[in-house]
Every structure is written in structure tokens, then in C-alpha cells.
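Colleague:
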Amino acid sequence: MKKSAIYVLSILIITVLGLSVILPGIDMYEGFSSGVKAGLDEANNITSEQCLDVPYTMHFTPTVDQVIHGQDSIAFANGKVYPVVIHEASICIPDHQFPQWIVWVTSIAYLISFVLLILLIYKFIKFIINIIKDKIFVDINARYLRHFSYCLLAIAVIQMGVAAMDIMVLSKLNLSLAGYELSTNAPYPWTNLLLGLISLLISIIWSRAVLIKEEQELTI
Amino acid sequence: MPIIVNLDVIMAKRKISLGELADRIGITPSNLSILKTGKAKAIRFNTLESICQILECQPADILEYRSEQTSH
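These protein sequence lines are chains Z and W, in that order. For reference, each letter of the first sequence is one residue, going 1417 to 1636 in our numbering. For reference, each letter of the second sequence is one residue, going 37 to 108 in our numbering.
1. Quick test of your reading: W:Val45 and W:Leu99, contact by CB under 8 Å. State the CB separation rounded to the nearest angstrom.
2. Whose C-alpha, out of Z:Glu1630, Z:Thr1479 and Z:Gly1577, is nearest the C-alpha of Z:Phe1553?
3. Taking Z:Ile1636 as the query, report the chain W residues whose CB atoms sit under 8 Å from its CB, ordered along the chain.
4. Here's the rule: buried if 16 or more other CB atoms are within 10 angstroms of the residue's CB, otherwise exposed. What is Z:Asn1494?
5. Quick one: which unbroken beta strand (DSSP E) runs of 3-plus residues sit fully inside the stretch 1486 to 1523 of chain Z? Chain order, please.
6. Counting only Cβ pairs nearer than 8 Å, list the residues of chain W close to Z:Glu1631.
7. Does the Cβ-Cβ distance between Z:Ser1529 and Z:Ile1583 come in under 8 Å?
8. Using only alpha-carbon positions, find the residue among W:Gly62, W:Gln89 and W:Tyr101 that is nearest to Z:Lys1636.
9. At the level of alpha carbons, what is the spacing between Z:Tyr1604 and W:Lys77?
10. Cutting at 6 Å between CB atoms, please list the residues of its own chain near Z:Ser1464, excluding the five before and the five after it.
11. In chain order, what are the residue ranges of uninterrupted beta strand (DSSP E) at least 3 long that sit wholly in the stretch 1573 to 1632 of chain Z?
12. How many angstroms separate the CA atom of Z:Val1531 from the CA atom of Z:Asn1608?
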């Protein structure tokens, strides 16, 4: 493969990585600031019927019967009524029914994940910069890859914990809806887990490649 | 490493400089220096052959095995 292809790919990866962080980051900032503003505005006027916490998002899987003979419908402003099938909804659970410690633990878990994500991106960018500088099979690159994979695996473990807590909350709330199966919104982080394990494997192979290169260089 | 390179001893006996030997073998002086100082991880047979031919010696004159216990 040509050297220019490595440069182009590296720059493409950094661009995609940047976009994948900046765009959700802007959304996160907007959501966070509007949430804080709304929270401060409504703090004194809140009733038990309103949302006290972040709404709990759940997935609704319709049964076959519900899809075929669905009775739910939605009326639009123009007066037309259409049948609907719910797939996802945010449920406002009153404060006294929702265990507060879960909110705190989830928030802290997401904050730790965010820090790990920044660290992961930093390590990956350093790795890519080394590749661009033509410092490819060096020990530091194997270390960057190893740290990258540790961060990914740690994020996956945290996400698994959050998913498990979500399942616990769901079972405690004992919610049900006719025609639907309810499930938690938190997905199991298979992608992160797989990517973390693959990058760990690549980092080990990279370390071997560095050793082979050193031996090659020191063969007279 | 228990393999000791005695190239410097043979070179001193034959009164040949590092640069000259490197030039006659056909490798760079820095590579020969790596070999001489024992930093090399391996040696090619054709390099060893050239060294033995130029210095008129046997491989055993250049390379010596010394166990870790004896070397300490």
C-alpha cells in the first residue's frame, strides 16, 4: 500500500472521529443546558404528576397481534387519525417510585465513560499522528493501542452495569402494556466489547511486530 | 546474553580498524560496531563467512558461549 494511502486514511479517520464526537457533543451540551434551565424554572412549580427526574426511556416491542390488529391511534392537528405502533417512549416516573441512587450511579457512570472516551480519543489521535510521521512499528504505538483497548473495555463494562441496573429498575416498577413487550433502553455494549478485544489483540500483535522489527534491524 | 563476541580481540591481533573491516566485509561501520559491542541479536552466515575470511580465523574465535553463572 502506498504511503499516501496511509496519510489519506489517517486523515479520514481523524475527521470521522472528530465529527462523531463534536456533533453528539453539541447535542449533549444543548440538552444539558436546556435541562438545567427547565429544571431551575420549574423547580418551585413541580407537582407529583410531572417529571421530577430525567424521563425513563423504554423500548416497546409490539406483539404480532398488536401489529396486525393494533388499536392505538394518534390524532393530528389537521383532524386526521392514524393507527400507530409504539417503539420507544419516555415515561415520567414519580420521584417516590424511582430509586434515587440509581440516578446518581448512572450519572457518575456516564461521567466516567465520558472521561474514558476523551482519553481513548487522545490515545488514538497520538497513534494516528505517529503513523502519519512514519513512526509505525515502535513500542509507544503498541502502548497507545493497548490503552485504547483498555478504555474501550472499561466503557463496555460500565455500559453493561448501567444496562443491568436498567433491567433491575424495570423489574421493580412492574410495568406492562397490553400488546407490547417492554424492555430497557440501555443496550448491551457488544460493539464496544468486540472492538476493545480486537484492538487488544492488535496491540499484542503490534508488540510482536516491534520485537521482530528490532531483531531484523539488529541482525548483522 | 551468554554469547560473547570477541571480534575486538581478533581485530586487535590482526591490527585492523573497524572502518577498514566494515569496508572489506561490505557492511556499514555502525552495523559492525553493533556486532562488536555485543548489541546484535543475530548474525548472517555470509557476514560471518566474510569476517572469518578477512580475519583468517574460525567462527569460534569470534563467538564464545559463556553461561550466565560463569559470566557473573
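Glycine included, each C-beta is placed from N, C-alpha and C at the ideal position. Because the structure is a prediction, the values reported are computed rather than measured.
Modeller: Working from what's here:
1. About 12 Å separates the two Cβ atoms, so there is no contact after all.
2. Z:Glu1630
3. Ile63, Asn67, Leu68, Ile70, Leu71, Ala76, Ala78, Ile79, Arg80 and Thr83
4. Under this definition Z:Asn1494 is an exposed residue.
5. 1489 to 1491, 1497 to 1499 and 1504 to 1507
6. Lys77 and Ala78
7. Taking C-beta atoms as the reference points, Z:Ser1529 and Z:Ile1583 fail to come closer than 8 Å.
8. Looking at the sequence itself, residue 1636 of chain Z is Ile, so the reference to Lys does not match. Selected option, being the one with the closest Cα: W:Gly62.
9. 47 Å
10. Below a pLDDT of 50, predicted positions are generally treated as unreliable, and Z:Ser1464, at 49, falls in that range; the measurement from the model is reported next regardless. Only Pro1510 meet the Cβ criterion.
11. 1596 to 1600
12. 16 Å
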